[in-house]
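Below you'll find the structure, written out as structure tokens, and then a few comments.
Protein chains: 2
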Amino acid sequence: MSSTTKTSTLGFAILAVLARGERTGYDIAAAMRRPVSYFWTAGHSQIHPELQKLLAGGLVVYETRHGPGPQDKKVYRLTPEGSGALREWVTTPPRERPERDELVLKTYASWLADPELVRRLFADQLAVHEARLAEYEREEEHFAEPPGPGDPRFGNYATLRCGLGYERHRAEWCRWMVAQLSDSL
Amino acid sequence: MSSTTKTSTLGFAILAVLARGERTGYDIAAAMRRPVSYFWTAGHSQIHPELQKLLAGGLVVYETRHGPGPQDKKVYRLTPEGSGALREWVTTPPRERPERDELVLKTYASWLADPELVRRLFADQLAVHEARLAEYEREEEHFAEPPGPGDPRFGNYATLRCGLGYERHRAEWCRWMVAQLSDSL
DNA sequence: TTACCGTATGTCTGAACTGACATAGTCGCG
DNA sequence: CGCGACTATGTCAGTTCAGACATACGGTAA
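Here it is in structure tokens:
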């Protein structure tokens, strides 16, 4: 309870991780590091202060356990308030975030540059996306059958599907770019 | 010349707009507002200070012309140094930007919420993406034949192709989500 | 004529985020 | 037994960015 400061998206990201089970700040930071989780990232320098805000807001509590480490570790878990706030937030429409894509910006200005250098740039990007796609496809095989909504694993599966679709789109676009730039030589 | 401060991505975005022709700060802000340009956005409160940095770095110059407006307007254009810096930047690999997607984060936590409310969320998002897709498809029709690299319009066309692919991927994923959540009722 | 919209440039505050700095115990390996 | 990797929590400075505030002229429509 107490302070009425609005929970940030980062705060909800932390709550979403804690909804799967109790975690230390360190565990949360590890969970939110790519490529494990490709849809929200944060370093521990953001997570620790945010946990303190969530604590002040009564959305999480922690339990102190010892080592290994210099200080005792703090194992956080959701309170009923935290769980309720998360559940409510999930179904509210997401705030529009501006797209900021450096590769697309470079594409916009690519007519200025040497086509061969641009072709190489996209060939490299294509390799990155194909590698990531292969990785996601391997992960997909771990799901014998798609979990239904209500199962925590549905969250993992549905986000993986999104990542899969994204990488396919991106790889296809890079391939198209490479083809365009090869033709012009 | 003078100051050796590294140009930010926003700075290059401005240079990329100016490469198409001379513009006022106001024009640049208008060009970088969605949905005109869906890959980099900035408000005028960012653009004016950034133009001053580019000016200090010798990458742009301006010419004062009068009205309409309280002060005289400043029409900016690239210097040869600015043009060179942009051309060089275009073919360097983009810095990895962390993915931060609020909708995907909500998806990750969606197993907690009422499936019917989640279904509505995705149905709404689907409508948004379908509308944007239709808009991009109309824009695509303006290009009788795809411009070749070297033509400034190639930049517009290639970025539009990316947007088109993205909206298709996103719409398809939303449709899949809606189907999953309909089945479970 | 009065109100509003578009043009036009700028500042400021606060939030979000990155990367570096700081500290320190445990465990496994050579 | 020492070294390095991993666990673990935290601060701080600097950058980027969104949104509000500030100012002011010209054109158009009620």
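Chains as they are written, first to last, in our numbering: chain H, 1 to 185; chain Y, 1001 to 1185.
We treat Cβ as the ideally placed atom computed from N, Cα and C, and that holds for glycine.
The beta-bridge partner set that DSSP reports for residue 63 of chain H consists of H:75. Close CB contacts of residue 1103 of chain Y within its chain, under the 7 Å cut and outside five residues either way in sequence, are with 1125 (chain order).
A direct Cα-Cα distance of roughly 14 Å separates residue 1081 of chain Y from residue 1062 of chain Y. In its chain, beyond the 5 residues on either side, 1129 have a beta carbon closer than 7 Å to the beta carbon of residue 1170 of chain Y.
Counting only runs of at least 3 residues, the region 1066-1138 of chain Y fully encloses the following beta strand (DSSP E) elements, listed from N- to C-terminal order: 1073-1078.
Considering only beta carbons, the part of the region 4-27 of chain H lying closer than 8 Å to chain Y consists of 9, 12, 13, 15, 16, 19, in chain order. Looking from the CA of residue 1042 of chain Y, the closest CA among Y:1029, Y:1054, Y:1051, Y:1007 belongs to Y:1029. Scanning chain Y for C-beta atoms nearer than 8 Å to the C-beta of residue 169 of chain H yields 1165, 1166, 1168, 1169, reported in chain order. Ranked by Cα distance from residue 1024 of chain Y, the options Y:1044, Y:1012, Y:1151, Y:1059 are led by Y:1044. Residue 59 of chain H is positioned such that its CB atom lies closer than 8 Å to that of residue 7 of chain H. With fewer than 16 other CB atoms across the displayed protein chains lying within 10 angstroms of its CB, residue 92 of chain H is exposed. In its chain, beyond the 5 residues on either side, 1010 have a beta carbon closer than 7 Å to the beta carbon of residue 1046 of chain Y.
Assigned with DSSP and collapsed to three states, residue 1009 of chain Y falls in helix. With fewer than 16 other Cβ atoms from the protein chains shown falling within 10 Å of its own Cβ, residue 1071 of chain Y counts as exposed. Minimum Cα-Cα distance from residue 1022 of chain Y among the listed residues Y:1056, Y:1033, Y:1073 corresponds to Y:1073. Taking 8 Å as the CB threshold, residue 1143 of chain Y stays off the interface with chain H. For residue 1104 of chain Y, at least one C-beta of chain H is nearer than 8 Å to its own C-beta. C-alpha of residue 1026 of chain Y to C-alpha of residue 116 of chain H: approximately 35 Å in a straight line.
A distance below 7 Å between beta-carbons, with the five flanking residues on each side excluded, links residue 110 of chain H to the following residues of its chain, in chain order: 118. Per DSSP, reduced to three states, the secondary structure at residue 175 of chain H is helical. Going by C-alpha positions, residue 132 of chain H is about 7 Å away from residue 167 of chain H.
In terms of CA proximity to residue 1123 of chain Y, Y:1182 leads the group Y:1089, Y:1182, Y:1137, Y:1105. For the options H:159, H:31, H:172, the alpha carbon positioned closest to that of residue 1101 of chain Y is the one of H:159. Only residues of its own chain outside the window of five on either side were considered, and among them 32, 40, 42 have a CB closer than 8 Å to the CB of residue 13 of chain H, listed in chain order.
Non-local beta-carbon contacts of residue 89 of chain H in its own chain, meaning distances under 7 Å to residues more than five positions away in sequence, involve 12 in chain order.
For residue 1029 of chain Y, the enclosing alpha helix (DSSP H) starts and ends at 1025-1031.
Among the residues of chain H, those whose CB is under 7 Å from the CB of residue 1155 of chain Y are 107, 108, 109, 110, 111, following chain order. Neighbours of residue 86 of chain H across chain Y, judged by C-beta separation under 7 Å: 1109, 1112. In the structure shown, residue 38 of chain H falls within a coil segment according to DSSP collapsed to helix, strand and coil. Annotation: residue 1058 of chain Y has no Cβ neighbours in chain H at a cutoff of 7 Å; minimum Cβ distance is about 18 Å. A distance below 7 Å between beta-carbons, with the five flanking residues on each side excluded, links residue 65 of chain H to the following residues of its chain, in chain order: 72, 73, 75. H:107 is the residue among H:83, H:107, H:165 whose C-alpha sits nearest the C-alpha of residue 121 of chain H. In this structure, DSSP gives residue 1049 of chain Y a helical state, which the three-state scheme calls helix. At a beta-carbon threshold of 7 Å, none of the residues of chain H lie near residue 1046 of chain Y; the nearest stands roughly 11 Å away. Pairing residue 157 of chain H with residue 38 of chain H, the inter-Cα distance amounts to about 13 Å.
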